[in-house]
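Written below as structure tokens is the structure these notes are about.
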Amino acid sequence: MAGVAVSTTINGDNVEFLCQPDETLLDVLRDRLGLTGAKEGCGTGDCGACSIILDDRLVCSCLVLGAEAEGRHVETIEGMAHGDRLHPLQQKFLEHAALQCGVCTPGFLMAAKDLLAKNPDPTEEEIRFGLAGNLCRCTGYDKIVRAVQDAASVMKGA
Amino acid sequence: MRYIRPLSIEDAAGLLAGSAGTAAILAGGSDLLVRMKGGFIEPDLIVDIKAIDGLGEIRETAEGFSIGAAVPCAVLGENTALQKAWPGVVEAAKLIGSKQVQGRCTIVGNLCNASPAADSVPALVAAGAKAVVVGPGTRRTIAVEAVPTGPGKTSLAKGEIVEAILLDSRLPRSGDAYLRFIPRTEMDIAVVSAGVNLTLDEQGRVKSARLALGAVAPTVILVEEAAEVLIGSKLDEATLERLAKVCSGACRPIDDKRGTIEFRRKVAGVLAKRAATTAYARAGGK
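So the sequences go chain by chain: A and B. Each residue of the first sequence is one higher than the last, beginning at 1 in the working numbering. Each residue of the second sequence is one higher than the last, beginning at 159 in the working numbering.
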């Protein structure tokens with residue numbers, strides 16, 4: 001089966017890859033490009049563990065074909081920290097112990113980043129609503145919400 | 159499997175019509191990719207319509223709004239003119255899925271997926287929305303309720319694509335609303351839903367009305383008797399009681415794990431009353 005040649009931008013870098021026409025962007029990121037931060041939880045858009053930002057929209061990469069990335073801008077969790085300097089959201093997730101097993105964490109961080117980019121001062125309800133597409137099965141949501149609130153106040157002051 | 163991203167609607171229709179095996183249209187993919195993953199469909203051809211000029215836009219025209227087939231529901235919520243004119247349609251579209259799904263899912267996809275429980279469809283039917291259907295060398299405009307014919311089935315022929323949804327510009331003193339019942343607070347499939355669209359006269363009496371119910375029959379249903387009950391009224395208590403009765407009676411629901419027939423009938427009446435009350439207030443009725 002012939003592959004589809006795709007030219008795209010991932011975390012600011014020009015990237016070219018070949019993929020199968022029915023291959024998801026999640027599989028391309030993980031299996032072809034070595035970007036294993038996005039996780040496959042459900043594979044059907046319910047859990048948010050594979051969340052990425054595609055042209056300024058938060059999406060589940062399991063519900064995007066790799067071929068669809070042509071000419072678009074993809075942001076993944078790997079682009080969040082600058083070298084050793086963590087993004088305030090990552091720092092606050094650590095400080096608030098807003099993770100245990102960590103499988104949902106990259107998705108939560110991307111969703112929280114998208115939320116704060118569009119609404120820098122969200123209420124608790126807006127945070128809970130904004131993160132409702134991300135499931136966590138071990139930490140629970142309170143610590144995550146507090147980490148996002150704390151990060152929002154740090155980022156506003158920055 | 160082949161993946162093609164045509165640049166014109168004519169090419170897209172031609173590709174779909176000329177394909178030998180199973181062909182699928184890809185816009186947001188929030189239904190298609192799930193069905194592929196589950197093994198329910200194995201397309202030989204995927205036609206991605208997102209590169210087609212104009213399909214990703216909401217256009218405001220003299221007649222009203224044209225919402226392209228590739229416009230994600232999140233964009234409907236961000237369009238203030240649309241939100242002001244058709245708040246019921248927008249609130250229904252915004253209920254579909256999570257933030258992640260909102261960035262991808264479309265109302266045309268919601269319509270063509272033909273689920274009886276599709277959230278945007280009762281609101282679109284109540285709004286009197288129309289679908290622009292393009293085929294190879296053909297173009298027709300039909301009522302949205304003529305698209306789904308049963309669960310997962312549509313009246314579209316091979317090669318036909320819904321290019322856009324049309325909504326009329328608003329008459330004065332008009333309002334619409336959509337409500338659904340789900341057992342949790344967010345992100346679930348409607349057990350019962352209701353969309354209502356009203357226009358009032360200068361005295362605040364209902365001049366025209368459309369009411370549609372979802373998840374209570376094989377397709378979303380337009381309840382014409384409900385309009386008859388509402389027209390001429392100011393939504394007094396007796397009218398609302400009659401409305402609930404008519405709506406409960408119009409249901410042809412199934413029993414399933416999400417709701418019994420009896421429950422769905424009762425809730426259809428309750429939601430119809432509440433959605434009508436909201437639509438009436440949005441139209442400026444007191």
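All C-beta atoms in this analysis are idealised placements derived from N, C-alpha and C, irrespective of residue type, glycine included.
Here A209/B is actually not in contact with A322/B; their C-beta atoms are around 16 Å apart, not less than 8 Å. Linking L54/A to T36/A through their CA atoms gives a straight-line distance of about 17 Å. When Cβ-Cβ separations below 9 Å define contact, A132/A makes contact with chain B.
In the three-state reduction of the DSSP assignment, D169/B falls in the helix class. Pairing A175/B with T219/B, the inter-Cα distance amounts to about 30 Å.
With at least 16 other beta carbons inside 10 angstroms of its own, N134/A counts as buried. Per DSSP, I419/B lies in no beta strand (DSSP E); the unbroken alpha helix (DSSP H) holding it starts and ends at I419 to R440. G235/B carries a helical assignment under DSSP once its states are collapsed to helix, strand and coil. In this structure the stretch 66–77 of chain A lies against the stretch 6–15 of chain A, because at least three pairs of beta carbons, one per stretch, are closer than 8 Å.
Of the candidates D46/A, V145/A, L65/A and V103/A, V103/A places its Cα closest to the Cα of I77/A. Residue pairing by DSSP puts G222/B in a beta bridge opposite D326/B. In this structure, the straight-line span from the alpha carbon of V378/B to that of I127/A is close to 33 Å. Around V292/B, no beta-carbon contact reaches into chain A at under 9 Å, the shortest distance being about 22 Å. Ranked by Cα distance from I167/B, the options A185/B, T397/B and G179/B are led by A185/B. Taking a Cβ-Cβ threshold of 8 Å, the residues of chain B close to R57/A are P230, A232, G261 and R262, in chain order. With a contact defined as Cβ atoms closer than 8 Å, G353/B and A250/B qualify at about 7 Å. Rounded to whole angstroms, the separation of the alpha carbons of I207/B and D56/A is 20 Å.
In terms of beta-carbon proximity, Q241/B stays away from the interface with chain A, with every pair separated by 9 Å or more. Where C270/B is concerned, the enclosing alpha helix (DSSP H) starts and stops at I265 to C270. Around the C-beta of Q361/B, fewer than 16 other C-beta atoms lie within 10 Å, and the residue is accordingly described as exposed. The beta strand (DSSP E) runs of length 3 or more contained entirely in the stretch 356–427 of chain B are, from start to end of the chain, 364–372.
Separation of the CB atoms of I319/B and A178/B is rounded to 18 Å, and the pair is thereby denied contact status at 8 Å.
C-alpha of D277/B to C-alpha of S256/B: approximately 13 Å in a straight line. Between the alpha carbons of C101/A and R137/A lies a distance of about 9 Å. A residue is called buried once 16 or more other Cβ atoms fall within 10 Å of its Cβ, and H96/A is buried on that count.
By the neighbour-count criterion, in which 16 or more other beta carbons inside 10 Å mark a residue as buried, S153/A falls on the exposed side. For P21/A, the chain B residues whose Cβ falls inside 7 Å of its Cβ are M159, R160, Y161 and I204, in order along the chain. Residues of the stretch 44–76 of chain A with a Cβ closer than 7 Å to any Cβ of chain B, in chain order: T44, G45, G48, S51, R57, L58, V59, C60, L63, V64, L65, A67 and E68. For the pair R163/B and V205/B, the CB atoms are nearer than the 9 Å cut-off. Counting only residues of its own chain and dropping the five nearest sequence neighbours on each side, Y141/A has a CB closer than 8 Å to the CB of R128 and L131.
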